[in-house]
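S.K.: Residue numbers (our numbering): 12 to 317. Got a structure for you, written out below as structure tokens; questions coming shortly.
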């Protein structure tokens, strides 16, 4: 199979594979590596089957389009255009492919012109041993290797590892639970308490504590709803001046394609890039500490003088 790979930058190159299965995606272990952030690590698979070449989506985040139409699985013909993220792949005809045209001319004896006369079937000896199956050739070995590679999980010790920044966020939400309960009860005590005050404080403690516990467990499990709720709380934090920088850091991190893949059960197949994780984790902690410091300074400045 031959493809013409085109990027939005204008660069184009051809790829030819001598295999019956080709894995397309952003992971370096794929047969055709697509250098595009909108492509999943294992975005799609093209395989040669009984109905010819067929492309199927392997649970990518952005899907695939064939000739402008989004599909899950469809047969391909030479000239078809595949769109994966911002990358376009055009299926090219095989080099040296020939078309066999059967002639319909009939000779005087009722057979096809130029056809080889059929031979009589040879008698089968029931006592003869069955012939041994032919040994697989290099092409068969190549196809088997590629199929095994496509079915095997991606290598690397971090294949199921949780992104570092997500773990940090889960830990911060876990710390938020006792902090929110303590702050609520302290506020009720300073306001004079009373049955109504303590009832309202207890209800608020349950709400904030439940939110923190749910977010911590959701982030640890990489549930999709936890990512959406984290984005919503970060948007709310943008209007709180002391924690605006920390909220902006969370929004920037959650908008990354690999983080979206980490919270998508369909795309959770491979390793996650760890190059930016320490940077985001340290930045988040630093911005949070800065917000706490600014909050403490504001409380001291606004405290009435004795």
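C-beta atoms are modelled at their ideal positions from N, C-alpha and C, and glycine is treated no differently.
Flag this pair as touching only if the region 171 to 183 and the region 224 to 235 have three or more C-beta atom pairs under 8 angstroms; answer yes or no.
M.R.: As far as the Cβ criterion goes, the region 171 to 183 touches the region 224 to 235, which means the pair count is three or higher.
S.K.: DSSP three-state label for residue 54, please.
M.R.: Note: residue 54 maps to coil in three-state DSSP.
S.K.: Rounded to whole angstroms, what's the CA-CA distance from residue 175 to residue 95? Just pull it up for me.
M.R.: Rounded to whole angstroms, residue 175 to residue 95 spans 28 angstroms at the Cα level.
S.K.: Distance, Cα to Cα, residue 192 vs residue 287?
M.R.: So the alpha carbons of these two residues sit roughly 34 angstroms apart.
S.K.: Please check the pair residue 216 and residue 195, which I expect to be a contact at CB under 8 angstroms, by giving their CB distance rounded to whole angstroms.
M.R.: Correct: roughly 5 angstroms between the Cβ atoms.
S.K.: Just to check my reading of the structure: residue 177 and residue 273 have Cβ atoms closer than 8 angstroms, yes? What is that Cβ distance to the nearest angstrom?
M.R.: Residue 177 to residue 273, Cβ: 7 angstroms. Contact.
S.K.: Quick one: using the 10 Å Cβ neighbour count with 16 as the cut-off for buried, is residue 302 buried or exposed?
M.R.: Classification of residue 302: buried, given that the 10 Å Cβ count is 16 or more.
S.K.: Using the C-alpha atoms, what's the distance from residue 14 back to residue 240?
M.R.: C-alpha separation (whole angstroms): 41 angstroms.
S.K.: What did DSSP end up calling residue 269 once you bin it into helix, strand or coil?
M.R.: In the structure shown, residue 269 sits in a helix (DSSP, three-state: H, G or I).
S.K.: State the Cα-Cα distance for the pair residue 75 and residue 83, rounded to the nearest angstrom.
M.R.: The straight-line gap from Cα to Cα measures roughly 7 angstroms.
S.K.: Leaving out five residues on either side along the sequence, give the residues of the same chain with a beta carbon under 7 angstroms from the beta carbon of residue 259.
M.R.: Excluding residues within five positions, the ones whose Cβ falls inside 7 angstroms are 249.
S.K.: Given that a residue counts as buried once 16 or more other Cβ atoms are within 10 Å of its Cβ, and exposed if not, what is residue 24?
M.R.: Exposed, since its Cβ has fewer than 16 Cβ neighbours within 10 Å.
S.K.: Could you check if residue 293 is buried or exposed, using at least 16 other CB atoms within 10 Å of its CB as the buried criterion?
M.R.: Classification of residue 293: exposed, given that the 10 Å Cβ count is below 16.
S.K.: Go ahead and pull the three-state DSSP assignment for residue 201.
M.R.: Correct three-state label for residue 201: helix.
S.K.: Buried or exposed for residue 170, going by 16 or more other Cβ atoms inside 10 Å?
M.R.: Unreliable positioning characterises residue 170 in this predicted model, as indicated by a pLDDT of 39, which lies under 50. A coordinate reading is not provided.
S.K.: On the DSSP bridge list, what partners appear for residue 33?
M.R.: Residue 33 pairs with 57.
S.K.: For the alpha helix (DSSP H) that contains residue 103, what are its first and last residues?
M.R.: That residue, residue 103, is in no alpha helix (DSSP H); its beta strand (DSSP E) goes 98 to 103.
S.K.: Alpha carbons only, please: which of 33, 72 and 43 is nearest the one belonging to residue 16?
M.R.: Looking at the Cα atoms, 43 is the closest of the given residues.
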